[in-house]
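Each residue of the sequence shown is one higher than the last, beginning at 7 in our numbering.
Here's the structure, in structure tokens; my notes come after.
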Amino acid sequence: MLKVVKFGGSSLASAEQFKKVGKIIREEESRRYVIPSAPGKRFSTDIKVTDMLYQCYETAVQGKNFDKQLDDIKKRYMEIIEGLGLSLSLDQEFDTIHKLFADKAGADYAASRGEYLNGIIMANYLGFVFIDAAKVIFFKEDGTLDSDKTNECLKERLAKEEKAVIPGFYGCGADGKVKTFSRGGSDITGSLVARAVSADLYENWTDVSGFLITDPRIVENPKPIDVITYRELRELSYMGATVLHEDAIFPVRKEGIPINIRNTNAPQDKGTLIVESTCRKAKYTITGIAGHCGFASVYLEKAMMNNEIGFGRKVLEVFEHNGISFEHIPSGIDTMTVFVEQKQLEEKEQRVLAELHRAVSPDVIELETDLALIAVVGRGMKSTRGTAGRIFSALAHANINIKMIDQGSSELNIIIGVRTDDFKPAIKAIYDIFVMTEL
Ligand code: ASP
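See below:
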């Protein structure tokens, strides 16, 4: 058994948290490769070290004195080092950082130091080898990850180490300078390492015990999700998945390595297992419900539209021209509705309408705003009859008018459009009908 373990910022925010992490790693010999984030928030009003670094570097770029800001960052690390009783000095590292900030080494370099320094502390604390991510993770000229080169290099380097710490979030750009992933990118590093060493499991330790069936701000104490497939998770990405970086899925998915979301503060919880495919029956017909407000719809009507070849393309071209991506396009015989993010449409609204008139001369165009989309997702839906019927009757009972319905042919999800005011009651009603009555 070989596990790659990634720990998020809140799991490493203080010496106390580091100790929990140390215990988790030492508990199992198989936890051999460790990916740390930068120290996160210790309490809700605290500032993440990554944000402190961005701010400090901004001061440096403006040519102002940044000594105090850098010192505050150093204090965060010293507190951890002292709390762990380590004899480790970061003086030299901070001298280098000071110099490179003054030389304007780049915001990516600045932000990456959060993980880099935490990695040094972690390696020292565990007695593992430290491997600088800039030597094993590579980006291409266009800024995207060079996954082949990265995989080869990581594989070769890690084959030489029984146990190692590889800091998350950054690698080496095509220009040889440090480059970071987007925020929350340590999840991607963990996934890359898991792929390179052909891990049996990628454990992603955070501060929640996995995914919940729905948003706890909408439904009180929703049940946890034990097992979810990668595809279901994608369909649920409306949730504004803050638990796991979206791009972290691809490297491990390619190799069929499952991801286990675990809670550093409740290691006894099993968390959520994310898998390619499973025979395990889902507990409920649905795996999750997620949604988002802030959508608008553009409704088009034109007599004999269904005979007009190219109508849909011309409509979508207008949105494309204006840089607006669409979410869903339900259609009828003579009607077509394009759902888009309201934010994207707002500024360009009149231009879009004019262009639509020019492109397809519709009889009617109507705009509707303040809509919400809800995705009801579950592999269990495929083999169960009546799922849609249950959703509709639950919504009817709750007095909610459905504005749109869209079921993908994968039968994995049903998307429902409702008015923003109905968003929360709709989710509650769907949750109740599937989870509370299936108990
Ligand atoms: N420390 C980085 C961030 O705050 C990356 C990470 O935590 O994954 O976004």
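Cβ atoms here follow ideal geometry from the backbone N, Cα and C, with glycine treated the same way.
Keep in mind that this is a model prediction, so the values were computed, not measured.
CB contact below 9 Å: residue i versus chain B
i, result
"Asn130", "Of the protein chains in the structure, only one exists, and it is not chain B."
Cβ pair residue i, residue j closer than 9 Å
i, j, result
"Gly318", "Gln350", "no"
"Ile380", "Ile439", "no"
"Leu242", "Gly182", "no"
"Lys169", "Leu132", "yes"
"Gly297", "Ala378", "yes"
"Ala140", "Thr195", "no"
"Ile79", "Leu59", "yes"
"Phe24", "Ile86", "yes"
"Ala180", "Leu123", "no"
"Thr284", "Tyr437", "no"
"Phe187", "Thr278", "no"
"Phe332", "Val358", "no"
"Gly338", "Thr426", "no"
"Pro42", "Glu121", "yes"
"Asp447", "Ile406", "Outside the shown range of the chain (7 to 445) lies residue 447, about which nothing can therefore be said."
"Asp466", "Ala19", "Nothing about residue 466 can be read from this structure; the chain reaches only from 7 to 445."
"Thr65", "Arg189", "no"
"Arg82", "Ile103", "no"
"Ile397", "Val382", "yes"
"Pro431", "Ala404", "yes"
"Glu352", "His327", "no"
"Ala21", "Tyr63", "no"
"Glu355", "Met387", "no"
"Gly384", "Asn419", "yes"
Contact belief for residue i with residue j at Cβ below 8 Å, rounded distance in angstroms
i, j, result
"Met410", "His334", "7 Å"
"Val304", "Thr343", "7 Å"
"Gly89", "Lys54", "With a Cβ gap of about 18 Å, Gly89 and Lys54 do not count as contacting."
"Ile267", "Thr212", "6 Å"
"Asp340", "Glu374", "No, Asp340 and Glu374 are not in contact; Cβ-Cβ is about 18 Å, not under 8 Å."
"Asp193", "Leu250", "6 Å"
"Lys185", "Asp114", "5 Å"
"Val4", "Phe13", "Any question about residue 4 goes unanswered here, given that the chain covers just 7 to 445."
"Glu238", "Arg259", "Not confirmed; about 13 Å, so no contact."
"Ala302", "Ser215", "The pair is not a contact, with the Cβ atoms about 36 Å apart (cut-off 8 Å)."
"Ile265", "Lys434", "No, Ile265 and Lys434 are not in contact; Cβ-Cβ is about 29 Å, not under 8 Å."
"Glu158", "Ser204", "Not confirmed; about 14 Å, so no contact."
"Phe134", "Val40", "7 Å"
"Pro336", "Asp412", "6 Å"
DSSP bridge partner residues for residue i (one or two, in chain order)
i, result
"Leu123", "According to DSSP, Leu123 bridges with nothing at all."
"Val233", "Leu279"
"Ile380", "Gly297 and Ile422"
"Asp57", "DSSP, once it has assigned bridges, lists no residue as partnering Asp57."
"Met342", "Leu306 and Ser337"
"Pro42", "Phe13"
"Val171", "Val40 and Phe136"
"Cys178", "Phe144 and Val184"
"Gln413", "Ile420"
"Leu160", "Note: Leu160 sits in no beta bridge, so no partner."
"Thr212", "Asn269"
"Glu347", "Phe301"
"Ile30", "Note: Ile30 sits in no beta bridge, so no partner."
"Phe332", "Val346"
"Leu151", "Phe145"
"Val370", "Glu307"
"Leu207", "Lys9"
"Leu218", "Pro230"
message: Within 8 Å, do at least three Cβ pairs link the region 252 to 267 to the region 289 to 307?
response: no
message: Across the region 9 to 17 and the region 196 to 213, are there enough close Cβ pairs to call them in contact, namely three or more that are closer than 8 Å?
response: Because the criterion of three Cβ pairs below 8 Å is met, the region 9 to 17 and the region 196 to 213 touch.
message: Would you call the region 123 to 131 in contact with the region 161 to 168, where contact means no fewer than 3 C-beta pairs closer than 8 Å?
response: no
message: Within 8 Å, do at least three Cβ pairs link the region 366 to 386 to the region 309 to 323?
response: yes
- prompt: Counting pairs of Cβ atoms below 8 Å between the region 29 to 36 and the region 143 to 158, do you hit three or more?
  reply: The answer is no - the region 143 to 158 does not touch the region 29 to 36, with fewer than three Cβ pairs under 8 Å.
message: Any contact between the region 228 to 236 and the region 173 to 190? By contact I mean 3 or more CB pairs, one from each, below 8 Å.
response: No, they do not touch.
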